[in-house]
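Let me begin by presenting the structure, written as structure tokens, before commenting on it.
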Amino acid sequence: MPTEELDRFDPALVLGAKGLLREFNETGVLAASDVHVADRLTALSSVTDELVRLGVAFAARAPRLGHVCVDLGAIRLTASSESDADTDVDALPWPDPDAWLAAVRASPLVGEDCPLYLSGTNLYLNRLWVDEVQVASDLLRLASAPADGVDEALLTNGLVRMFPAGSADADPAHLQTLAAAVAVLRRVSVIAGGPGTGKTTTVARVLALLQEQTMAMGRPPPLIALAAPTGKAAARLEEAVRAEAAGLGLDDDLQQRLRGLRGMTLHRLLGFDPGNRTRFRHNRSNPLRHDVVVVDETSMVALSMMTRLLEAIRPDARLILVGDPEQLASVEAGAVLGDIVGPASVGLCMGSAARARLESVTRWPVVEEASAHHSAVGDGVVSLRHVHRHRGAIAELARAIQRGDEDAALAALDAGESNVQWIPLEASQPAAERVDAIRALAVRSGRDVIEAAKSGDARGALQALGGFRLLCAHRRGPDGVTTWTQLIERWLLAEVEDFAVGADWYVGRPLIVTENDHALQLFNGDIGVVVKGRDRPMEAAFERGGDVVTVSPTRLAAVDTVYAMTVHKSQGSQFEVVAFVLPAPGSRILTRELLYTAVTRAQERLLLVGPEESIRSAIAKPIARASGLRDALWSVGNDPAATSDGVGG
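Using this note's numbering, the first residue of the sequence shown is number 5, and each one after it goes up by one.
Okay, here's the thing in structure tokens:
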């Protein structure tokens, strides 16, 4: 390569790109990888049409950004540049949508057995189209068949015991009762809702009700799988079910069965083969043995994983999906939980037969709240809305963010005496050097952790560690996790007596596990702390199922210091006090879901740091992942393959 080309080399640009691909690449709308995919595929098929080449590049771009497909008819209105440059995307030479679609439709690259598939105006990489059709078909098939052999009188009595109307944790709208009944009555059910709405409480009681049903009929107890997309989430589900089982007043045998359940990752449940990254041991020809499969944190499940799970579920088994569709979605393609819940996120969308049966069993009215939407999937979806955990301005702020109401959110932040504090720094002010409130919280929390750790009080150190957490949007940058971690360590060195930061390990060091370690039963996202050991200078302490386990630090192969963490890493966790440093208004990852997830990590107090523009920008920008799954599940006819308007070669 000539010296002058080396001097101006930019890894984000493809030097040999020409025409439309070059223009869209230079402005940051297309990445180098998108252009390379388009070049390679069109070259193999001897396709030279610029419109087709551009379409292929956008189809490759879609899953990289979390989309399942690209809507060629609307991409001009939704695309943005991924570079830091101030790019006028609308000024690019966008093709006429009709001409673009006609060119793509006529291409030999598009069709049933081709690399791409065109459905209406949506262009897919073929494997994603196949996955989407399969997920829709499998869900509708399972959802259309009610579960057999349910003793409705026994279920009614069980619901009264499990959800007494006058109890302290009763749901005023009785939605927990409805959700539990639906999970027993149907093969596919979804228990949706935000943090603190009682999702895992409901799950534990559902499992007890299902055990009672089989015992009453003289059948063996159901084989139950507790699963989640991450080891951390699976462990939390296991702990929640075990803790809830202890307080349900069940007989010893039933309680022991529930307490004996173990959580596992979806990969482990399906039988992950390290030599084959796309297939699992359990599939349609070798289904799972389990009668009931519970999946927690379903919002983090990508389309490809949901495909593999559904093909491994027995036709007569129950699938219970649990999660918050308002949270950040999977880092891979798809927003599957949001697509499944669809219009049922704001109210019940059940058909008349499903509502009548539910009313008969629960003795509660089941009000149809979205009559325009009917689907077999909707008959099994209940969204919990009553928050038992956080209240006050935190709850008000979370609800305003969910509604997309910027003014209501700012009003909650501006409230006088509340459990939310807002420090509205200007966008040009780096928060790290200007927020005394964060320094006070971080030092107080760090001091409590260090004092307990030095005394060898592992449980006390872990409790103190859960008292405060600083959240960031980015890992790097002036307001990223790395910057804040270094800053907090400097504060602690300056203000905590006898505190010293070692090269690798030191007493009081907070830890986050970054890779699953099945031998130690520690999972990506687990949080611990280094404490003074009884028989050794230091040991790392973690909480597991209400107990504290300790291991030698030398056995931990993949950990980081966790004075601060990203919002993505915080999913599934709760802290007494949370400080969230908002990114600049132009940040690409600043979305409504990011803000909502950060806010709802706080149980008692929230400190929000950042300009009003960032708050408004986040609330105004919900994650809109291009996908045809929601329409396939909720449209009239519900046959994704028949109603897709698919286009062959």
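Note that CB positions come from ideal geometry on N, CA and C, so glycine has one too.
Considering only the beta carbon of each residue, do Val72 and Tyr128 sit closer than 8 Å? yes
Assign Ser123 to one of three DSSP states: helix, strand, or coil. strand
Whole angstroms is fine: what's the gap from Arg293's alpha carbon to Arg513's? Between Arg293 and Arg513, the C-alpha separation is close to 43 Å.
By how many angstroms is the C-alpha of Ala456 removed from the C-alpha of Pro541? 15 Å
Would you kindly work out how many angstroms separate the C-alpha atoms of Ala646 and Gly124, rounded to a whole number? Here the model assigns Ala646 a pLDDT of 41, short of 50, so the residue's position is not dependable, and the following value carries that caveat. Straight-line Cα distance between these residues: approximately 12 Å.
Confirm, please, whether the CB-CB distance from Glu301 to Gly576 is below 8 Å. Cβ distance < 8 Å, so Gly576 and Glu301 count as in contact.
Curious, which full-length alpha helix (DSSP H) runs of at least 4 residues does the segment 309-393 contain? 340-345, 356-366
Buried or exposed: Asn29, going by 16 or more other Cβ atoms within 10 Å of its Cβ? buried
Have a look at the DSSP bridge pairing and note the partners of Ala606. Phe579
Rounding to the nearest angstrom, what Cα-Cα distance links Thr570 and His478 in this structure? 6 Å
Local Cβ density within 10 Å of Gly23, reported as buried at 16 or more and exposed below that: exposed
Can you give me the Cβ contacts of Ser148 inside the same chain, cut-off strictly under 8 Å, excluding the 5 residues immediately before and after it? Ala380
Enumerate, from N- to C-terminal direction, the unbroken beta strand (DSSP E) stretches of 3 or more residues contained entirely within the segment 215-263. Secondary structure remark: continuous beta strand (DSSP E) runs of at least 3 residues inside the segment 215-263, in chain order: 228-232.
Would you decide whether Gly264 is buried or exposed? Buried here means 16 or more other CB atoms lie within 10 Å of its CB. exposed
Is the Cβ-Cβ distance between Arg473 and Ser574 less than 8 Å? yes
Leaving out five residues before and five after Ile317 in sequence, what residues of the same chain have Cβ atoms less than 8 Å from its Cβ? Asp142, Leu146, Pro291, Leu292, Val297, Leu323
8 Å Cβ cutoff, Thr558 in contact with chain D: Protein chain content of the structure displayed is limited to a single chain, and chain D is not contained in it.
How big is the Cα-Cα spacing for Arg272 and Gln425? 42 Å
Own chain, CB closer than 6 Å to Ile492, minus 5 neighbours either side, in chain order: Ala446, Tyr567
Take the Cβ of Ala89 as the centre, count every other Cβ of all protein chains shown within 10 Å, and call the residue buried at 16 or more, exposed below. Confidence is the limiting factor: at Ala89 the pLDDT is only 49, short of 50, which leaves the residue's position unreliable, though a coordinate-based value still follows. So Ala89 counts as exposed.
Under 8 Å: do the segment 155-165 and the segment 355-367 share three or more Cβ pairs, one atom per stretch? yes
Limits of the unbroken beta strand (DSSP E) element including Ala465: First-last for Ala465: 462-469, but that is the alpha helix (DSSP H), not the beta strand (DSSP E).
Just to confirm, is the Cβ distance from Leu388 to Val340 under 8 Å? Contact flag unset, no.
Please report the straight-line C-alpha distance between Asp539 and Asp483, rounded to a whole angstrom. Between Asp539 and Asp483, the C-alpha separation is close to 40 Å.
For Thr565 versus Thr489, is the C-beta distance shorter than 8 Å? yes
Nearest neighbour of Glu580, chosen from Arg559, Ala602, Arg131, Gly202 [CA to CA]: Of Arg559, Ala602, Arg131, Gly202, the residue nearest in Cα terms is Ala602.
So, does the segment 231-251 touch the segment 204-216, judging by three or more C-beta pairs under 8 Å? yes
Do Ala545 and Ala462 have their C-beta atoms closer together than 8 Å? yes
Can you check the segment 100-164 for any alpha helix (DSSP H) of at least 4 residues that lies completely inside it and give the ranges in chain order? 101-109, 130-147, all fully within the segment 100-164.
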